[in-house]
Amino acid sequence: MEAHHIYKSPKTLLNKGTGFLSGYTHSLNPYTGCTFGCSYCYVRQMPVSTFRGEEWGTWVDIKKQAADLLRKELRRAKSRGKVTIFMSSSTDPYQPAEYKEEVTRSLLEVMVEDAPDFLFLQTRSPLVRRDIDLLLRLEDRVRVSMTVETDREDIRKHFTPDAPPIQARFKTLQLLKEAGVPTQATIAPMLPSSEQFADKLLPLVNRVCIDDYFMGDGSGGRRTRSLNIGALYEPLGLEDWYHPAAYKAVYEQFRNIFPEEQLYVSREGFEP
Ligand code: SF4
Numbered sequence: 001m002e003a004h005h006i007y008k009s010p011k012t013l014l015n016k017g018t019g020f021l022s023g024y025t026h027s028l029n030p031y032t033g034c035t036f037g038c039s040y041c042y043v044r045q046m047p048v049s050t051f052r053g054e055e056w057g058t059w060v061d062i063k064k065q066a067a068d069l070l071r072k073e074l075r076r077a078k079s080r081g082k083v084t085i086f087m088s089s090s091t092d093p094y095q096p097a098e099y100k101e102e103v104t105r106s107l108l109e110v111m112v113e114d115a116p117d118f119l120f121l122q123t124r125s126p127l128v129r130r131d132i133d134l135l136l137r138l139e140d141r142v143r144v145s146m147t148v149e150t151d152r153e154d155i156r157k158h159f160t161p162d163a164p165p166i167q168a169r170f171k172t173l174q175l176l177k178e179a180g181v182p183t184q185a186t187i188a189p190m191l192p193s194s195e196q197f198a199d200k201l202l203p204l205v206n207r208v209c210i211d212d213y214f215m216g217d218g219s220g221g222r223r224t225r226s227l228n229i230g231a232l233y234e235p236l237g238l239e240d241w242y243h244p245a246a247y248k249a250v251y252e253q254f255r256n257i258f259p260e261e262q263l264y265v266s267r268e269g270f271e272p
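Just so we're aligned: 257 in full-length UniProt numbering is position 257 of the sequence shown, and the numbers increase by one with no gaps anywhere.
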């Protein structure tokens, strides 16, 4: 489906970090809406989506003059103390619109000139590789967190048909590592995966975070239940994977391959 784009001029860009993001002073969303439209995305039930009256995944608002706004807000925030930014909590900063719009890139340019204390960059898109030049200039003040919920492309297609292929994300993790950008593979929400998942990630990253719906949706799984995500497991005969205990088996698999200090569970993997 063709996504529907609107240009908007926001009044503010940096939002206070609250709830799940309480470890951050601010969150930063270059877009409103997200055309990856993942089935399990609980932003679809938040006011930003429900007030809109259009299906989540079919629209995106592009924030105009975002760099000028961020430059001012960042300067002000830094004059008041430490600034740690989570980008992004309710959109993907490297969704397809970013190829042409370059809002996220313009924000990184501002942050390279006037660096926050820390930037956590959450994406599932291989497009992040375009900005390696800027990410390197942030040195150890940045971490890229690449979502890889599974190593199985059939599972990826089933749950998130409009998201980038898993293989492209693996390749991007490799490029980020080779370039020297601090990176983690984020298995969140953990979807059914193969026995080789940990082996595949071992050469690509030295930091892995595992999170599931029950620990990670900020409501003990309630938000996910109301999306009726369990129904997506049934036709696959994989209901066992939709259970709070399922992550333990995956964690064990990773524990056999990765040193413990490289493994993070739920919230600790998202902290600055
Ligand atoms: S990429 Fe993230 S924000 Fe976008 S639909 Fe998927 S889960 Fe939601």
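All residues carry an ideal CB built from backbone N, CA and C; glycine is no exception.
For residue i and residue j, I'd like the C-alpha separation in whole angstroms.
i           : j           : result
residue 50  : residue 229 : 18 Å
residue 18  : residue 24  : 8 Å
residue 287 : residue 244 : Lying before the first or after the last residue shown, residue 287 is absent from the chain, which here runs from 1 to 272.
residue 38  : residue 259 : 31 Å
residue 107 : residue 66  : 7 Å
residue 76  : residue 14  : 11 Å
residue 194 : residue 255 : 15 Å
residue 89  : residue 134 : 21 Å
residue 96  : residue 44  : 18 Å
residue 3   : residue 158 : 20 Å
residue 53  : residue 62  : 18 Å
residue 198 : residue 11  : 44 Å
residue 164 : residue 126 : 7 Å
residue 93  : residue 175 : 18 Å
residue 222 : residue 6   : 32 Å
residue 209 : residue 181 : 17 Å
residue 266 : residue 192 : 17 Å
residue 236 : residue 79  : 53 Å
residue 140 : residue 84  : 13 Å
residue 201 : residue 168 : 13 Å
residue 105 : residue 27  : 16 Å
Count the other C-beta atoms from every protein chain shown that fall within 10 angstroms of the C-beta of residue i, then say buried if there are 16 or more, exposed otherwise.
i           : result
residue 248 : exposed
residue 33  : buried
residue 9   : exposed
residue 179 : exposed
residue 211 : buried
residue 81  : exposed
residue 122 : buried
residue 99  : exposed
residue 218 : exposed
residue 47  : exposed
Would you identify the three-state DSSP class for residue i, choosing helix, strand or coil?
i           : result
residue 87  : strand
residue 172 : helix
residue 82  : coil
residue 65  : coil
residue 58  : coil
residue 121 : strand
residue 5   : strand
residue 16  : strand
residue 243 : coil
residue 208 : strand
residue 106 : helix
residue 251 : helix
residue 94  : coil
residue 281 : Since the displayed the chain opens at 1 and closes at 272, residue 281 lies outside it and no answer follows.
residue 42  : helix
Under 9 Å, Cβ to Cβ, is there at least one residue of chain B near residue i?
i          : result
residue 95 : Chain labels in this structure do not include chain B; a single protein chain is all it has.
Just checking residue i against ligand 1 - is the residue's beta carbon closer than 8 Å to any of the ligand's heavy atoms?
i           : result
residue 120 : no
residue 92  : yes
residue 59  : no
residue 163 : yes
residue 36  : yes
residue 43  : yes
residue 275 : Residue 275 is absent from the model: the chain starts at 1 and stops at 272.
residue 40  : yes
residue 160 : yes
residue 167 : no
residue 147 : yes
residue 95  : yes
residue 52  : no
residue 124 : yes
Which two residues bound the contiguous beta strand (DSSP E) that contains residue i?
i           : result
residue 146 : 142 to 147
residue 231 : Element bounds for residue 231: not the beta strand (DSSP E) but the alpha helix (DSSP H), 230 to 233.
residue 186 : 183 to 187
residue 191 : From DSSP, residue 191 is part of no beta strand (DSSP E); its letter is neither H nor E.
residue 227 : Premise fails: residue 227 is in no beta strand (DSSP E) and is neither H nor E.
Over the uninterrupted alpha helix (DSSP H) stretch that includes residue i, give me the two end residues.
i           : result
residue 213 : 213 to 216
residue 127 : Run containing residue 127: none; DSSP gives neither H nor E here.
residue 160 : Premise fails: residue 160 is in no alpha helix (DSSP H) and is neither H nor E.
residue 97  : 97 to 101
residue 135 : 132 to 137
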